[in-house]
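The block underneath contains the structure these notes are about, expressed in structure tokens.
There are 4 protein chains.
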Amino acid sequence: MNFASDNVTGAAPEVMEALVEANAGTQRSYGNDDYTARLDGVFSKLFEREVAVCPVATGTAANALATAMLTPPYGAMYCHEESHVYLEECGAPELFAGGAKLMPVPGEHGRMDLDHLFAAIGHIRPGFVHIAKPSAISLTQAVESGVLYPLADVRRVGDFCREKGLGFHMDGARFANALATLGCSPAELTWKAGVDVLSFGGTKNGCLAVDAVVLFDPDRREELLYRRKRTGHLWSKTRFLAVQLLASIEDGRWLRWAAHANAMAARLSEGLAAIPGIDLVHPVEGNEIFATMPVAVMDAMEAAGVGFNRWALATEPTVRFVTAFGTDPADIDRVIEIASEAMAKAA
Amino acid sequence: MNFASDNVTGAAPEVMEALVEANAGTQRSYGNDDYTARLDGVFSKLFEREVAVCPVATGTAANALATAMLTPPYGAMYCHEESHVYLEECGAPELFAGGAKLMPVPGEHGRMDLDHLFAAIGHIRPGFVHIAKPSAISLTQAVESGVLYPLADVRRVGDFCREKGLGFHMDGARFANALATLGCSPAELTWKAGVDVLSFGGTKNGCLAVDAVVLFDPDRREELLYRRKRTGHLWSKTRFLAVQLLASIEDGRWLRWAAHANAMAARLSEGLAAIPGIDLVHPVEGNEIFATMPVAVMDAMEAAGVGFNRWALATEPTVRFVTAFGTDPADIDRVIEIASEAMAKAA
Amino acid sequence: MNFASDNVTGAAPEVMEALVEANAGTQRSYGNDDYTARLDGVFSKLFEREVAVCPVATGTAANALATAMLTPPYGAMYCHEESHVYLEECGAPELFAGGAKLMPVPGEHGRMDLDHLFAAIGHIRPGFVHIAKPSAISLTQAVESGVLYPLADVRRVGDFCREKGLGFHMDGARFANALATLGCSPAELTWKAGVDVLSFGGTKNGCLAVDAVVLFDPDRREELLYRRKRTGHLWSKTRFLAVQLLASIEDGRWLRWAAHANAMAARLSEGLAAIPGIDLVHPVEGNEIFATMPVAVMDAMEAAGVGFNRWALATEPTVRFVTAFGTDPADIDRVIEIASEAMAKAA
Amino acid sequence: MNFASDNVTGAAPEVMEALVEANAGTQRSYGNDDYTARLDGVFSKLFEREVAVCPVATGTAANALATAMLTPPYGAMYCHEESHVYLEECGAPELFAGGAKLMPVPGEHGRMDLDHLFAAIGHIRPGFVHIAKPSAISLTQAVESGVLYPLADVRRVGDFCREKGLGFHMDGARFANALATLGCSPAELTWKAGVDVLSFGGTKNGCLAVDAVVLFDPDRREELLYRRKRTGHLWSKTRFLAVQLLASIEDGRWLRWAAHANAMAARLSEGLAAIPGIDLVHPVEGNEIFATMPVAVMDAMEAAGVGFNRWALATEPTVRFVTAFGTDPADIDRVIEIASEAMAKAA
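Chains as they are written, first to last, in the working numbering: chain S, 362 to 708; chain D, 362 to 708; chain Y, 362 to 708; chain L, 362 to 708.
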């Protein structure tokens, strides 16, 4: 029972089977294989328009490439001050974008305060070279705290970007979880709302190691491919990246997996929230749960074999649980039971 | 029958089985898993000293990280003018090293002319800030042309590096092929000869997607890990990188695979060289064969289903064949037969 | 009467004369001239220890070079969220440091809240590669708002840096103004308090175009000189940078100039503060004054030929006045008079 | 008598006077002054079309900014293998262009072999991401060896760039010397021949410290200004850069200065070449002379107070003399006399 992250699981069986199958025979290397050849088509259908897709092995790479596509080296990308792209990529976006700046924006629950964001950018005089040129906004959907931006807010950001000539990046490491809850289409949540580049998460949603940069302006594909190569992210055997995406998208699996993870998170969060002394830190709208609880309860849960994350940066004792495509409902119920008993003892 | 590259194959069955097996259960993410924990030990035993190992998914990443470990941004790394690191990484080493320079060195068969190399560096006055500071030498072993540096030459480079205070990188994308031919130990070919950082190739030798940076000064591990993260090469599910290396090293498989590939290359090159009108361009000491032949022969071979690479940069019509861990000797013999017949017709 | 910035003035007559004098005859180029040869000695005497000095033409260059000396590309330098280095260098420090991050720290009057700063760094687990490695702290002295850090606070930062293994940079674009007010020695305000690298400002203090990187570890001089060259800041006729510094330091001029500027700022701020309806935004401890006043008063002052800066980023109507080495006391009195009359009319 | 470089002189008297004059009074900072305001107009007139001009203090900065304007980080700029931009900027162009590559091109006398250049670029398949994308060509005029590219060759490069979609940079650190010899107009030697960006040299031609980036597509001015700022090359007191250019261009001084320097070089080279035992290494078409001579002659000249440069990289004992705007013909004659006497003794 390990809920420390959606990264502690392996790949879904369907993905692993697809990898094994793709291993047979030879294929042209460096993305000229039969699997990669199908990617653009599959994603274009998924997003209801022509897109260019570039698979890479990590979310960091996808985010950093996306940043570089939207931010010149003398520019700035605005993002939440606690977002993964700002805080937990060890400067990869800055590196890939040639030394560009990421500007932190405050806001509750990990969501940017849009009024604050728009004002911060609006105050900067165009052509004022002392301040890095506002060039892009990055919005994480679902947010790392487990909440979502309402579709209307995504559109507000998109409209602002159009008006100001800014690029719009969506960090969708948990894009599927957002879709599963919002119930809108991939197109609606992205380019129809003004998104230019999407980091499409696979690794956290049933894949072994693949995320994709989805470019809604396919004319810029060549630049993206050059950038992927020079950051060391072009695999010689790219088929093994492509096939993971193909297997997860086939037959809508990716959305079912995410919906399952969300459902498990809902079940767990409801169970925990019902225990006096345990409080949810954020609304639970995706597959992540942050909750405060006595350290004694944490200890008891760990002693009972429940894996989770003690959240170091929080001021109160806080845990994070993340559910995944394969989370067993029985495990969820067991965790709630353990927590409940531990709290009873602690009280 | 595809000999276009050692990248056109998939992974060896043993590697794929190990991946499937490693997929079971949960593991701590970001390299804190049970598989990765074994890597340093396995490699330290292999190299007969303590080393730090950092697995990544591509050879480009391994080379670029190695460059960054040895070359400050105001420095220069010297390498062959046709080497992969100089010519075919799209500037990844330069990016990872913060804008450092790679300085091209001429030499026959893709091997640096060592006298030229030493003189070029020797002419630069220490502290002469106009010229990027000579900081490292990168030597490819086996060379992309299919030849090797004799062990004595590797040692000469190592001695020069020690004397001048330079770092010494070995691009070992085909390190196993070199070892298999030279018959020396991994230690002898690397740190005992003065190598500081090795790019250890797995992808071209039976793996799905893994190469490793091997650092012979393990005290610098932390820097390497930071650099890996900020270039997007830290996998959340690192176990899937580590297990490939473990499976290939276990029981000496990697060396057997490379020896087989080399033997197949020898068989093929001998067969081709015996055909009048076909000439080897370089000695065949590893798993790569470059040969000149009439275009009509190339056409006939392709028509017969033989895959290979037409070498665009050569002045005469040239092909490249690369053999791999799983090359079937019967295929080799068939290729020779086809070439022989085609040449007879062409003549 | 232009108080828009300390940059609107030219150079002090003594500096201009020295430039004219240095123009005679030939000198070895690229810093091998007689003037540059004296710099290290003059600064070593000034700072009571051996230092390495590297003159450049702009404060941005000095700050960015200093950042690069203290922050690896995977590292982070902490600084105030409104500091020049963070906000108004258009990312130069990030570029020079190879894509490193600058992390913003809040605090009143442009001074970092030291408790907040220490806690932010203290929370990060050493070796946690997801977050850019805390590597340096940059403190501006005098602060851009016109206030100072007390010497005790500089020492607190220095002690923290020593304890945590961090580099300590002081942005001293207005270093002389700070010294003039604090009355301590250059040594006390810098290396004796733990500072590793100082940006020593000349341009704002009587020079034409020169700031200097002062390195308190002279063994790292070579690296600094390479970095200067590769950022395009090595002048072929370096004598013209060096002579400005020599002329301003000679006979203590630089401190007299700064003391005069500070005195003029004190005189102006006292005069303005005495006018009902005009309020100082920050204490005036150096040569900068920020004040709120009705827009009508601003308009009237401008109409009367008084130059100043309308501070765009402020929420209330705010002006900035900056005094300089050559500010005429009569002008100060005239400005106060104009402001007073304008306010009387506006009321 | 110092002929070591055109950098050993100070500024021409007219330039120094203009600097002194510009020092009076206050001016808006950061390029918003009255002098800088005139630059675009003066240069647009000089080049017979609208241009954007960006003055910086060094030729390295001008070249590196120009490179960045024409070469994306995943691109390559082709230049001569011994050119200043390739060899003696310590990687500044690579840094400013975000890690782009400079690709060395051979050719006699420091001039690129154009057939070789065109073939090298022509061999690379468009979109082949392994090789840095050919993006620009940089041609030095006058060449560092003292020769020139004929105008027809400049046009050939321009035509090739247009055909292939490449940018065309001219390193004109000695642009005036080239013009003075070729007798064509600034427009003919640059944009009419296809040049996109010119590094316009001032420092080597009578200025104190100023070179300029001249952009023939003024619509890209904003990007250039951002790039200048983030590399630390925006002076707060930009008037002092601008006025140097204004003073040197006024009344055609810059061309007269260059013509004088060229005439002095011609006089010196003819004198030296007439001495048996002294041989010119390159044709002398600008203000630089490279000559082989016995070391004893070099020693004697130095003993007699003649300054020059012993050329370390040459295989035979070689000296470089550079003449300048203020070279005294009597000194030239004296050098020839000394050399002649020394040779007589040495023989």
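C-beta: ideal position from N, C-alpha, C; glycine also.
Nonlocal neighbours in the same chain, by C-beta distance under 8 Å from residue i, ignoring five residues either side
i, result
"D/A537", "G562, N566, W615, L616, W618 and A619"
"D/G558", "The residue asked about is misnamed: residue 558 of chain D is Val in this sequence, not Gly. Excluding sequence neighbours, D/V558 sits near A427, M430, L431, G528, F529, H530, M531, V574, V575, L576 and F577."
Under 7 Å from the C-beta of residue i: neighbouring residues of chain S
i, result
"L/E583", "G488"
"Y/A534", "Those within 7 Å of Y/A534 in chain S number zero; the least Cβ separation is about 13 Å."
CB of residue i within 8 Å of CB of residue j, strictly
i, j, result
"L/G468", "L/H477", "yes"
"L/V683", "L/N648", "yes"
"S/I639", "S/A657", "no"
"D/L380", "D/F529", "no"
"L/I610", "L/S701", "no"
"L/D401", "L/T599", "no"
"D/V490", "Y/Y587", "yes"
"Y/V571", "Y/P678", "no"
"D/P644", "D/V508", "yes"
"L/W552", "L/F686", "no"
"D/G593", "S/T592", "yes"
"S/L543", "S/L500", "no"
Contacts that residue i makes with chain Y (C-beta to C-beta distance below 7 Å)
i, result
"D/R750", "Any question about residue 750 of chain D goes unanswered here, given that chain D covers just 362 to 708."
Local conformation of residue i per DSSP, three classes
i, result
"D/N538", "helix"
"Y/I636", "coil"
"S/Y587", "helix"
"D/V656", "helix"
"S/E505", "coil"
"D/H484", "coil"
"L/S609", "helix"
"D/I492", "coil"
"S/G562", "strand"
Under 8 Å by beta carbon: chain L residues contacting residue i
i, result
"S/Y435", "E584, Y587, R588, K590 and R591"
"Y/A385", "G371"
Under 9 Å by beta carbon: chain L residues contacting residue i
i, result
"S/H491", "Y391, K590 and L595"
Residues near residue i by beta carbon distance below 6 Å, same chain, minus five either side
i, result
"L/M473", "H441 and V466"
"L/A554", "V515, R516 and G519"
"Y/T397", "T599 and A603"
"D/N670", "A365 and R681"
"S/D367", "K565, V683 and A685"
Contact set between residue i and chain S, taken where Cβ atoms lie within less than 8 Å
i, result
"D/T501", "The contacting residues do not exist; D/T501 stays about 16 Å from chain S at best."
Under 7 Å by beta carbon: chain D residues contacting residue i
i, result
"Y/K494", "Y587"
7 Å CB neighbourhood of residue i in its chain, flanking five on each side removed
i, result
"Y/S390", "S597 and K598"
Contact set between residue i and chain Y, taken where Cβ atoms lie within less than 9 Å
i, result
"L/T564", "W596, S597 and K598"
Neighbour list for residue i in chain C, Cβ cutoff strictly below 9 Å
i, result
"S/L512", "No chain C is present in this structure, whose protein chains are S, D, Y and L."
Heavy atom of the ligand SAM within 7 Å of residue i beta-carbon
i, result
"Y/P465", "Only the bare structure without any ligand can be found here, which leaves the ligand SAM out of the picture."
Name, going along the chain, the residues of the segment 363 to 382 of chain L whose beta-carbon falls closer than 8 Å to a beta-carbon of chain Y.
N363, A365, S366, N368, V369, T370, G371, A372, M377, L380 and V381
Chain L contacts made by the segment 445 to 468 of chain D, where a contact means CB separation under 7 Å
L448, E449, C451, G452, E455, L456, G460, A461, K462 and P465
Going along the segment 587 to 608 of chain Y in order, which residues come within less than 8 Å of chain D, judged by CB to CB distance?
Y587, R588, R589, K590, R591 and L595
Relative to chain L, which residues along the segment 417 to 433 of chain Y have a C-beta separation below 9 Å, given in chain order?
V417, A418, T419, G420, T421, A422, A423, N424, A425 and L426
Which residues, in order along the segment 396 to 407 of chain L, keep a beta-carbon less than 9 Å from a beta-carbon of chain Y?
none
With 7 Å as the limit, tell me which residues of the segment 548 to 573 of chain L have their beta carbon closer than that to any beta carbon of chain Y; keep them in chain order.
T564, L569 and A570
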